[in-house]
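Engineer: There's a structure below that I have some questions on.
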Amino acid sequence: MSDELPQVWIDEATLRKRSRRDFLLFGAGTLAAMAGMWWIAPVSSKKRVLGEHATDALDTVAARLGLSKERSERFQNRALTFDDDIAEALYSPNRTVRTYSKRDVTPLRNNYEGRTPSPEYLDTWTLTISGLAGGKDVILRKVDLARFAQHEQVTRLCCVEGWSAIAGWSGIRFSDLLRAFPPADGAKWAAMESSVNLDGRGNPDPYYVSIDLPTAHHPQTLLATHLNGHPLGTDHGAPLRLVVPMKLGLKNIKAITKIAYVATEPRDFWAERGYSKYDGL
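Counting from 8, one number per residue, gives the positions in the sequence shown under the numbering used here.
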């Protein structure tokens, strides 16, 4: 028996037909890819490449084909939040992030976006909690925090910039605060603010984030008062900061001064600047 493969003969007309078909399919695919890239490209980039008049003309054609700017923005926003949708769908209060031993602790950088606040604010610091079932706001001081049970955990903080660090935290479980001061009916979000936050020039620049209440109830969500066995310094959010290890670091707001329980999704500092909202890991 011969090991040679049988020869297959294809006539010249068939080859030309297949080559023409492949060329047309390749061309159509290339045009579709280029059209898709054009559709989602920023207007400034398109005008820089083709000029304002050509860009406006092509955008008009795209709109007539149903590819409007508004639809492009919806598509891009949907793509941006896709990973958030997956993380939110997988969330469970019974699923926890990995914990470590104290010997695994690594240095934790001061990652304030602006300047580190001066420590003078600590003398008059208060935490205002609103949106409560009782209808009245509650104001807590540092002495009030000591009345809550303290919990410890060693977890990894992951920054959106790509770095991470393992730190030992202790403080109040957010769920304990919710039990002590329950939200009003219909509340779904906890909106937090740091009014002592500063920008790069040292000017007041309040920082604000939000988490959904299921995340606030998670057993690893802490309102931390200590880092690696020591009271928080101003560089890490004294006297009270959020530690939510199942979220990116930008959600772990420092030096919290306000917590508001609300029914509709509140403002979020980085979401307003193009980042995703859920920020789950």
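Ideal Cβ positions, reconstructed from N, Cα and C, are used throughout, including at glycine. Quick caveat: nothing in here was measured; it's all calculated off a predicted structure.
(1) So, do the region 100 to 113 and the region 188 to 198 have three or more beta carbon pairs nearer to each other than 8 Å?
(2) Within 10 Å of its beta-carbon, does S26 have 16 or more other beta-carbons around it, so buried, or fewer, so exposed?
(3) Return the chain-ordered ranges of every alpha helix (DSSP H) run that is complete within the region 124 to 182 and spans a minimum of 4 residues.
(4) If the criterion is Cβ atoms closer than 8 Å, does the pair W196 and E279 meet it?
(5) If you draw a straight line from the C-alpha of T133 to the C-alpha of D63, how long is it?
(6) Taking Cβ positions, are A267 and S182 nearer each other than 8 Å?
(7) Within this structure, are the beta carbons of G4 and H158 separated by less than 8 Å?
(8) Under the three-state reduction of DSSP, which class applies to S283: helix, strand or coil?
(9) Can you give the beta carbon distance from V161 to M253, rounded, assuming they're within the 8 Å contact cut?
(10) Between R122, R23, D29 and A223, which lies nearest to R208 when the distance is taken from Cα to Cα?
(11) Could you pull the start and end residues of the beta strand (DSSP E) that T232 belongs to?
(12) Which class does A20 belong to by DSSP, given the choice of helix, strand or coil?
(13) Output needed for L257: all residues of its chain with C-beta closer than 6 Å, excluding positions within five of it in sequence on either side, in chain order.
(14) Indicate the three-state DSSP secondary structure (helix, strand or coil) for P221 in the structure shown.
(15) Just the C-alpha distance for P238 and V203, rounded to the nearest angstrom, thanks.
(16) For D275, count neighbouring C-beta atoms within 10 Å of its own C-beta (all shown protein chains included) and say buried if the count is 16 or more, exposed if not.
(17) Reducing DSSP to helix, strand and coil, say where K195 ends up.
(18) Check whether the Cβ atoms of L229 and R163 sit closer than 8 Å, and answer yes or no.
(19) Classify R55 as helix, strand or coil using the three-state DSSP reduction.
(20) Going by beta-carbon coordinates alone, are S217 and A198 separated by less than 8 Å?
(21) Give every residue of the same chain whose Cβ lies closer than 7 Å to the Cβ of K149, excluding the five residues on either side of it in the sequence, and list them in chain order.
(22) Nearest to P213 by alpha carbon, out of A262, G34 and L147?
(23) Give the DSSP bridge partners of I266, in chain order.
(24) What does Y214 pair with, by DSSP beta-bridge criteria?
(25) Going by CA-CA distance only, name the one from A223, A140, E127 and P211 that's closest to G240.
(26) Buried or exposed: where does T37 fall if 16 or more other Cβ atoms within 10 Å of its Cβ makes it buried?
Structural biologist: Let me lay it out:
(1) no
(2) exposed
(3) 149 to 152
(4) no
(5) 54 Å
(6) no
(7) Given that the chain is displayed from residue 8 to residue 288, the structure contains no residue 4 and the question cannot be resolved.
(8) coil
(9) 15 Å between Cβ atoms; not a contact.
(10) When only C-alpha atoms are compared, the closest one is R122.
(11) Counting along the chain, the beta strand (DSSP E) containing T232 begins and ends at L229 to L234.
(12) helix
(13) V167 and W277
(14) helix
(15) Each residue's Cα considered, the two are about 18 Å apart.
(16) buried
(17) Note: K195 maps to coil in three-state DSSP.
(18) no
(19) Helix at R55.
(20) Contact: yes.
(21) W132 and P246
(22) A262
(23) Per DSSP, the beta bridge partners of I266 are I136 and M199.
(24) S201
(25) Comparing Cα-Cα distances from G240 to each of A223, A140, E127 and P211, the minimum goes to E127.
(26) Exposed: under 16 other Cβ atoms inside 10 Å.
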